[in-house]
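A.B. asks: Numbered according to my numbering, the sequence shown terminates at residue 215, and the numbering increases by one at each position without gaps.
For glycine and all other residues, C-beta sits at the position ideal for the given N, C-alpha and C.
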Amino acid sequence: MRSLSLVSVFTRRKLLELYFHLNRVLASILTWRDPYKSQKLISTRVLLHAPFGGKEGRLGAWRALVEAQKTGKVRSIGVSNYGIHHLNELEEYINSGVGGQISVGQYEIHPWCPREDIVDWLKRRNIVVEAYSPLVQATRMQEPVLQSLVKKHNKTPAQILIRWSLQKSRIIENTQVFDFELSEEDMQSLKTGVDAPVCWDPARDSRL
């Protein structure tokens, strides 16, 4: 196997509910070890997994990430599964003087959960949108709109969905999706009008 230069390696970690407190986040980060057993700096991205902990916990967790970033322990910080109201809350906190920059927002995104409001919020601030569950956990593979595109392009349902994500600029690459392109008509047909996540959706959980 060809060795990789460490400057090309980007690791990512996510902080769970247990750590949503300033001191607990800092303590957790201090225990992390370089998985490549090198003293060289790894470009590590840390995301807050979901808007846990109430307002105080969420903002304390963000402040801890900012402090860790200032010390060089992490290079990039962001959020996952934050709703618009959580994002607005965090933006206000950042602008109050705490600082930090949301580098990425990670969400379940696919034709049946496009999250256009959140994507628009992030893009207007030049924040990278990162999608998970682009294949909808294989729960929509027999949808008529998807099957029609499968026949049209002679591709699998998974390849159509990956291509959709690629053309939405939400994934960088995947195999066997570069030899065809979905037309504007195809892309419009995948505007399903449905907004149904297949995963638990903290962004809309009224308890958070």
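Quick one: is N88 buried, meaning 16 or more other Cβ sit within 10 Å of its Cβ, or exposed?
C.D. replies: buried
A.B. asks: Within 8 Å, do at least three Cβ pairs link the stretch 149-166 to the stretch 122-136?
C.D. replies: With a cut-off of 8 Å, the stretch 149-166 and the stretch 122-136 do not count as touching, because too few Cβ pairs lie within range.
A.B. asks: Would you identify the three-state DSSP class for E191, choosing helix, strand or coil?
C.D. replies: helix
A.B. asks: Report the residue from G107, A57 and E123 whose alpha carbon sits nearest the alpha carbon of S2.
C.D. replies: The shown model of the chain, from 8 to 215, leaves out residue 2, and the question about it has no answer.
A.B. asks: Does the Cβ-Cβ distance between L54 and G85 come in under 8 Å?
C.D. replies: yes
A.B. asks: So for Q174, helix, strand or coil by DSSP?
C.D. replies: helix
A.B. asks: Scan the stretch 70-149 and note each continuous beta strand (DSSP E) run of 3 residues or more that stays entirely inside, going in chain order.
C.D. replies: 83-87, 111-115 and 135-139
A.B. asks: Which residues in the same chain as W128 place their Cβ atom closer than 7 Å to its Cβ, once the five residues preceding and following it in sequence are excluded?
C.D. replies: I91 and L94
A.B. asks: Mapping the DSSP letters down to three states, classify V152 as helix, strand or coil.
C.D. replies: helix
A.B. asks: Spatial neighbours of N181 within its chain, please: CB distance less than 6 Å, with the 5 preceding and 5 following residues excluded, ordered by chain position.
C.D. replies: Low local confidence applies: a pLDDT of 47 at N181 is under 50, so the model's placement there is unreliable, with the coordinate-based value given in what follows. Around N181: I169.
A.B. asks: For a test of the three-state rule: what should DSSP assign to R214, helix, strand or coil?
C.D. replies: coil
A.B. asks: Looking at the structure shown, is L66 part of a helix, part of a strand, or coil, going by DSSP?
C.D. replies: helix
A.B. asks: Following the continuous beta strand (DSSP E) through V53, name the residue where it begins and the one where it ends.
C.D. replies: That run of the beta strand (DSSP E) goes S50 to L55.
A.B. asks: Report yes if the C-beta distance between R52 and V111 is below 8 Å; otherwise report no.
C.D. replies: Going by C-beta atoms, R52 is nearer than 8 Å to V111.
A.B. asks: Going by C-alpha to C-alpha distance, which of F187, Y114 and E63 sits closest to H160?
C.D. replies: F187
A.B. asks: Out of curiosity, what's the CA-to-CA distance linking S176 and Q108?
C.D. replies: 21 Å
A.B. asks: What's the C-alpha gap between L66 and S103?
C.D. replies: 12 Å
A.B. asks: Looking at the structure shown, is V157 part of a helix, part of a strand, or coil, going by DSSP?
C.D. replies: helix
A.B. asks: Let me confirm a value: D193 is counted as buried when at least 16 other C-beta atoms fall within 10 Å, else exposed. Which label applies?
C.D. replies: By the neighbour-count criterion, in which 16 or more other beta carbons inside 10 Å mark a residue as buried, D193 falls on the buried side.
A.B. asks: Give the secondary structure of K47 by DSSP, where H, G and I count as helix, E and B as strand, and everything else as coil.
C.D. replies: Residue confidence is low: K47 scores 47 on pLDDT, short of 50, so the model does not pin down where it sits. No coordinate-derived value is stated.
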